[in-house]
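Just so we're on the same page, the numbering used here is the position in the sequence shown counted from 1, plus 22.
Note sheet for the following structure.
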Amino acid sequence: MSGFGPSSTSAKRAAADPTKHVNYVLGMVLGVDDFIQDFAYQSERDRWQARDLLGYGTAWGLAVTTGLGARGPEVRVSPGTALSPRGQLVRVTPAQCASLNDWLKAQGTAITPNEDEAVRVWVVLSYRECLTDPVPVPGEPCRSEDDAMAPSRVTDDFKLELRLTPPQEPTEEQAVRDLVRWLRTHVVPVGDDTPSGDVTSEADFLTALRAAVVPPSPLGPETDWLDDAAAPMKVPATQVEAYLRSALRVWVTELRALWRPNWLGEAQGCQQPVSAEPDSDVDCVLLAAVDVHVVKELGSPDWVVKAEAPLPVLEDERPYLLHLRLLQEWALAGPLWDTSAVHHPPALPAYQIVAAGTLPIAAFGDTNVQGYNNLRIDKVAKGFARLTFDGYQFKPEAWQYVVKVGLQEPEGLGLAMPTVTVLALDSDGISIRLREKEDPMAEATMASMGLIVEVSQYFAGAPPLKTARAPAPPAPPSRASSRSRRTGGGR
């Protein structure tokens, strides 16, 4: 029992080869089979195009809500349309409703509430046909009135159901979601300065994608279609488009066929007849799930909806389709928003933050104390500190660094006019000068302080400013703890 309105008679048709259409020849006598064959061809081509090129799910409307009706709590579905996994358009109108108490009573002993005394009910839509428009037909004498009439039309209809189990989701739908998740998770764009040994080649990238495929297992249903890679794959930012094009080509030509239902079978019509797959539970659309808290009425074996209990509607697993006009507008406007941490005019080269952090000077040499992108202090001397980070290279003809640096000063230290400036950028790193008034800061004082640093990079190729040569630093100072006060500035 579906719970949504009365059932209608389904049309029964002789099986027809959906890959054949009638060859109209002068003098040919057409019969019922010919018209059935031609309709089967036209109808299947529409479905074929929809399922292969569009997908499936709710197209518009079909909102699922709950409320109180004349017969108690009910589930309501608004008018709308959907495309089934087989490619069949389904139209629901007018709005539909189903009494939950009537439906629970019809299920009898099939109702098994969980520990919270709740039952999850699935709202499912599928396509069906009904025979309509009866007309008189010739026949034998002495027939009954029913035998003298026959339906002259087959009308599109729908079937809305409440189910205790979810419909079988098409494997291709789940594989598509897993493919997108896999690409989002494992593709990491990197700059051109990344060592070539750390970059994944396009061939290795495609090999990893093919190797990630989980073969079907006879032991149980699949839950993963693509295994996670051992580590994220670093891809040159300038070549991400080429890598993704190749990945999508592999999906279209190799992987999609692994999970796509073959509704037309394996036969080729010129050698042997094609028999389309019969309708199945897969050819339906999940609209929502509703958690229904139930209780047994006193003296009755039937379950009813618990009074004043909420009826949450869950739509996380609902498939839906966006029409091309919306996708066009989104492509023109949506993705153009700059969501990066550093904004820049679109016509200019990239500008990005490449390192940052708060580094206690006393932690110099401690590999456990690092900032963003492994920003670290690699040398310390009186009034001097040198910074570096992963991927740092001094190539002023290709890019420039902008260094912002401040001091983290402990409370009560009482320094007189402490300052911090960028002394030099060279192949060894970023040299920092620390002063107290006009004198280099003492090593013991530095050991109680920290550096607050942010390094940006822009690819402008402008010649660098001439900077002072950094002095050769002596051995590092002793360690000490620090707390915070920020002062000073830098270039």
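Just so you know, even glycine gets a beta-carbon here, dropped at the ideal spot from N, CA and C.
Small disclaimer: the values here were computed from a predicted structure and weren't measured.
Within 10 angstroms of its Cβ, does residue i collect 16 or more other Cβ (buried), or is it exposed?
| i | result |
| --- | --- |
| H208 | buried |
| V475 | buried |
| E276 | exposed |
| Q350 | exposed |
| G19 | Here the chain comprises residues numbered 23 to 513, so residue 19 is not present and cannot be evaluated. |
| N284 | exposed |
| W421 | buried |
| W204 | buried |
| M471 | buried |
| S121 | buried |
| P295 | exposed |
| C292 | exposed |
| S453 | buried |
| G130 | exposed |
| V99 | buried |
| R408 | buried |
When DSSP labels each residue in this structure, what does residue i get in the three-state scheme?
| i | result |
| --- | --- |
| E194 | helix |
| L309 | strand |
| H345 | coil |
| R398 | strand |
| W281 | helix |
| A566 | Missing from the structure shown is residue 566; the chain here goes from 23 to 513 and no further. |
| E460 | coil |
| Q430 | strand |
| T41 | coil |
| V304 | coil |
| S410 | Checking the sequence, you will find Thr at residue 410 rather than Ser. Three-state result, T410: strand. |
| L182 | strand |
| V202 | helix |
| K127 | helix |
| D138 | coil |
| R165 | coil |
| A403 | strand |
| R93 | coil |
Quick check: what's the CA-CA separation for residue i versus residue j?
| i | j | result |
| --- | --- | --- |
| V335 | L90 | 15 angstroms |
| L348 | A81 | 12 angstroms |
| D400 | G387 | 7 angstroms |
| G102 | R113 | 6 angstroms |
| P163 | T134 | 56 angstroms |
| A85 | A104 | 12 angstroms |
| T467 | L437 | 9 angstroms |
| Q59 | S174 | 17 angstroms |
| P462 | P440 | 10 angstroms |
| G161 | C152 | 23 angstroms |
| D226 | W273 | 16 angstroms |
| L435 | F416 | 36 angstroms |
| L525 | G405 | Residue 525 lies beyond the stretch modelled for the chain, which goes from 23 to 513, so this question has no answer here. |
| F481 | R108 | 51 angstroms |
| N123 | G94 | 7 angstroms |
| S478 | V376 | 6 angstroms |
| V402 | L270 | 51 angstroms |
| V51 | H43 | 15 angstroms |
For the ligand ADP, any of its heavy atoms closer than 6 angstroms to the Cβ of residue i?
| i | result |
| --- | --- |
| T115 | Questions concerning the ligand ADP fall outside what the structure shown contains, since it holds no ligand whatsoever. |
Taking 7 angstroms as the CB-CB limit, is residue i close to chain C?
| i | result |
| --- | --- |
| S106 | Considering every chain present, this structure includes no chain C. It has just one protein chain. |
Legend entry - Three-pair Cβ contact test at 8 angstroms for the stretch 305 to 312 versus the stretch 131 to 150: yes
Legend entry - the stretch 121 to 139 touching the stretch 316 to 331, judged by at least three CB pairs closer than 8 angstroms: yes
Legend entry - the stretch 216 to 224 touching the stretch 164 to 176, judged by at least three CB pairs closer than 8 angstroms: no
Legend entry - Secondary structure, alpha helix (DSSP H): runs of 4+ residues fully inside the stretch 246 to 277: 262 to 272
Legend entry - Stretch-stretch touch, CB-based, cutoff 8 angstroms, three pairs: the stretch 183 to 200 with the stretch 247 to 260: yes
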